[in-house]
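Using our numbering, the first residue of the sequence shown is number 6, and each one after it goes up by one.
All C-beta atoms, glycine included, are put in the ideal place defined by N, C-alpha and C.
What follows is a set of notes on a single structure, which appears directly below.
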Amino acid sequence: MSPALASLTLAQMKAGLESGDFTARQLVEASLEAIARLDPLLHAFLYIDAERALNQAAAADRQPKATGRPLHGIPIAVKDVLTVEGMPCTAGSKILQGFYPPYTATAVKRLQEAGAIVIGKTNTDEFAMGSSTENSAYGRTHNPWDTHRVPGGSSGGSAAAVAARMVSAALGTDTGGSVRQPASFCGVTGLKPTYGRVSRYGLIAFGSSLDTVGVFAQTAEDAALIFSIMAGHDPLDATSSKQPLPDLHLPNDPSLRGLRIGVPREYFVEGMQPEIQLRTQEAIEQMRQLGAEVVEISLPHTAYALPVYYLIAPAEASANLARYDGIRYGPRSRADSIWEVFFQTRGELFGEEVIRRIMLGTYALSAGYYEAFYGQAQKARTLITRDFEAAFQTVDVIAAPTTPTTAFLAGAHADDPLSMYLEDIFTLPASLAGIPGICFPVGFDSQGLPIGLQLLGPRFREDRILSVAHVYQQITDWHLRLPALVKGDAAQ
Ligand code: GLN
């Protein structure tokens, strides 16, 4: 089938299926063809089930067109930290190799019930710990804009899959930036919902007070559709919220009149790539021309977000990862005693970064250090949350850069984990505060690498940030630009 079919937006796929321009089978075939052509270069996928997807598509085509199911016949991809019954789930780790979960994550299940066809599982940093997808035990994912560079992480596989138009939408997770940062690096739109908005049931836990399930798509409109289907209370996740979903009908009128945008001065720091500052300011200026009022704000505790996150997330991870003992899941090392089985399995099958986090977290939680590290971090987290609450008293949304640099070269941070952590400075505060964020493309740097703007909103106001992003996408086409590799340019 024509590769152009795979490049359609979700909305276009929906319209085409409904009007009978093409079938679900043709869509799935186009997606599989794009994967066959591009994934050998990108390694976005860890698992593909072509046969199952084709069967589901054929079944979808046999049903009458007006099913009332909003994603009827549309192929999607799912980050390999969310369970899908019948597919393996590795979380990018050797410790879960060959693990077949017995149930499907709520977020995925809701999409399937709406008619979506899960075509495969995408690559991730091991247990979603990382910012480059280089920490996957199954090899790195390459950035479709420049294959020598990383796609960001930890949801790098999903971001690359959408950027390369292998699927029109893919699920990711964002604990400290893992949807927004790869969206920025890959030039796609990425939505991180409010903490508690989308069920975590069936999500392999990393930092339970931070984990959120988000989505990558070409447009804010497509992200809104996926989000509206997966969001909402789930009795299977005790932290899932009962807050009703607002109307997600996005305005077509390209106006931002009446909107107040706050620009935090702490997010324009020395050492960040100047082009990011420039493109961010240009995008904000365009929003001002659309009628928005732009004011400078201060989020004074921003600088604490990095140390706070890198205490709280590893602390929670060290507890969550205790369950991987070689007995309950996946492979097991051979040893003479049960204790040695535990130690050897964990020592041999967890990667370096995961071991580093477990050690950091265990230390921060240990008697005598708990108050000084974990306790202090929790207090600072409250201050960061209050910064945002105070800001949203005076502004409707906050606009800021997503990352201090564009996509970096693979291996650039290999010897220095701290320098990798620094890549997260602009995404961590919103994660600690549990507020929603969206990242969408606002231009390129001089090397042709995408730059994404981050819009943050008050808790449960995904509608607001999605609407602003949608309005911006009505008057710009950055989000529709294609990597040369996808266009099939000779240059690649
Ligand atoms: N890069 C951050 C980390 O390594 C965030 C990861 C995430 O959001 N899953 O922890």
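Is it buried or exposed, D252, if we count other Cβ atoms within 10 angstroms and call 16 or more buried? As a position in the sequence shown, residue 252 is number 247, starting the count at 1. That one is exposed.
Under three-state DSSP, which class holds L255? For the purposes of this step, residue 255 is taken as the residue at position 250 of the sequence shown. L255: coil per DSSP, three-state reduction.
Report yes if the C-beta of M134 is less than 8 Å from at least one heavy atom of the ligand GLN; otherwise report no. For the purposes of this step, residue 134 is identified with residue 129 of the sequence shown, where counting begins at 1. In this structure, M134 has its CB closer than 8 Å to one or more heavy atoms of the ligand GLN.
Could you check the C-alpha separation between R115 and F232 for me, to the nearest Å? In the sequence shown, residue 115 corresponds to position 110, counting from 1. In the sequence shown, residue 232 corresponds to position 227, counting from 1. So the two alpha carbons sit approximately 10 Å from each other.
For the ligand GLN, I want to know if G97 counts as a neighbour, meaning its beta carbon is within less than 8 Å of at least one of the ligand's heavy atoms. Position 92 of the sequence shown, counting from 1, holds the residue named residue 97. G97: no, Cβ never under 8 Å from the ligand GLN.
By how many angstroms is the C-alpha of H48 removed from the C-alpha of G296? Within the sequence shown, residue 296 is the residue found at index 291, counting from 1. Within the sequence shown, residue 48 is the residue found at index 43, counting from 1. Whole-angstrom Cα-Cα distance: 42 Å.
S424: beta carbon under 8 Å from a heavy atom of the ligand GLN? Here the question's residue 424 lines up with position 419 in the sequence shown. Every heavy atom of the ligand GLN is 8 Å or more from the Cβ of S424, so no.
Over what stretch of residues does the beta strand (DSSP E) that includes T127 continue unbroken? In the sequence shown, the residue the question calls residue 127 occupies position 122. 122 to 127 is the extent of the beta strand (DSSP E) around T127.
Can you list, in chain order, the residues of its chain with a C-beta nearer than 7 Å to that of E499? Leave out the 5 residues immediately preceding and following it. There is no way to answer for residue 499, as the model of the chain reaches only from 6 to 497.
So does Y329 have its beta carbon nearer than 8 Å to some heavy atom of the ligand GLN? Counted from its first residue, the sequence shown places residue 329 at position 324. Not under cutoff, so the answer is no.
Where the alpha helix (DSSP H) containing A174 begins and where it ends: As a first step, residue 174 is located in the sequence shown; it is residue number 169 there, counting from the start. No alpha helix (DSSP H) contains A174, which is instead part of the beta strand (DSSP E) from 174 to 179.
Close-in-space but distant-in-sequence residues of the same chain around L354 (CB under 6 Å, 5 per side omitted): Your numbering for residue 354 matches position 349 in the sequence shown. The answer, listed in chain order, is K99, I100.
In the DSSP assignment, the beta strand (DSSP E) including Y52 goes from what residue to what residue? On the sequence shown, position 47 is the one that residue 52 refers to. 50 to 53 is the extent of the beta strand (DSSP E) around Y52.
By how many angstroms is the C-alpha of G373 removed from the C-alpha of G267? Within the sequence shown, residue 267 is the residue found at index 262, counting from 1. Within the sequence shown, residue 373 is the residue found at index 368, counting from 1. When rounded, the distance between both Cα atoms is 41 Å.
For E428, verify whether its CB is less than 8 Å away from any heavy atom of the ligand GLN. Stepping through the sequence shown from its first residue, residue 428 is reached at position 423. It does: the Cβ of E428 is within 8 Å (strictly closer) of some heavy atom of the ligand GLN.
Check whether the Cβ of T387 lies closer than 8 Å to any heavy atom of the ligand GLN, and answer yes or no. As a working mapping, residue 387 is identified with position 382 in the sequence shown. No - the ligand GLN has no heavy atom lying nearer than 8 Å to the Cβ of T387.
Consult DSSP for R265 and reduce its assignment to one of helix, strand or coil. Stepping through the sequence shown from its first residue, residue 265 is reached at position 260. Three-state result, R265: strand.
Determine the burial state of L532: buried for a count of at least 16 other Cβ atoms within 10 Å of its Cβ, exposed for fewer. In the structure as shown, the chain begins at 6 and stops at 497. Residue 532 is therefore absent and cannot be evaluated.
State buried or exposed for A243, treating a residue as buried only when at least 16 other CB atoms are found within 10 Å of its CB. Stepping through the sequence shown from its first residue, residue 243 is reached at position 238. Exposed, since its Cβ has fewer than 16 Cβ neighbours within 10 Å.
Figure out for me which residue from T199, G158, P156, A121 has the closest Cα to the Cα of R74. Start at 1 with the first residue of the sequence shown, and residue 74 comes out as number 69. Closest by alpha carbon: A121.
Can you check which of these residues, R337, A327, A396, F378, is closest to I363 by C-alpha distance? Numbered from its first residue, the sequence shown carries residue 363 at position 358. When each option's Cα is compared against that of I363, the closest is A327.
In this structure, what does DSSP give as the bridge partners for V83? Residue 83 sits at position 78 when you count from the first residue of the sequence shown. K126, L176, per the DSSP bridge assignment.
In terms of DSSP beta bridges, what is R154 paired with? On the sequence shown, position 149 is the one that residue 154 refers to. Per DSSP, L414.
Since E298 is in the beta strand (DSSP E), which residue starts that stretch and which ends it? Counted from its first residue, the sequence shown places residue 298 at position 293. Taken as a continuous stretch (DSSP letters only), the beta strand (DSSP E) holding E298 covers 298 to 302.
Best match in P156, V218, A222, Y368 for proximity to R170 [C-alpha to C-alpha]: In the sequence shown, the residue the question calls residue 170 occupies position 165. The shortest Cα separation from R170 among P156, V218, A222, Y368 belongs to A222.
Classify F148 as helix, strand or coil using the three-state DSSP reduction. Position 143 of the sequence shown, counted from the start, is the residue given in the question as residue 148. Rather than Phe, the amino acid found at residue 148 in this sequence is Asn. Correct three-state label for N148: strand.
Measuring from the CB of Y200, is there a heavy atom of the ligand GLN at a distance below 8 Å? Along the sequence shown, read from residue 1 onward, the residue named residue 200 stands at position 195. Checking the Cβ of Y200 against the ligand GLN gives no.
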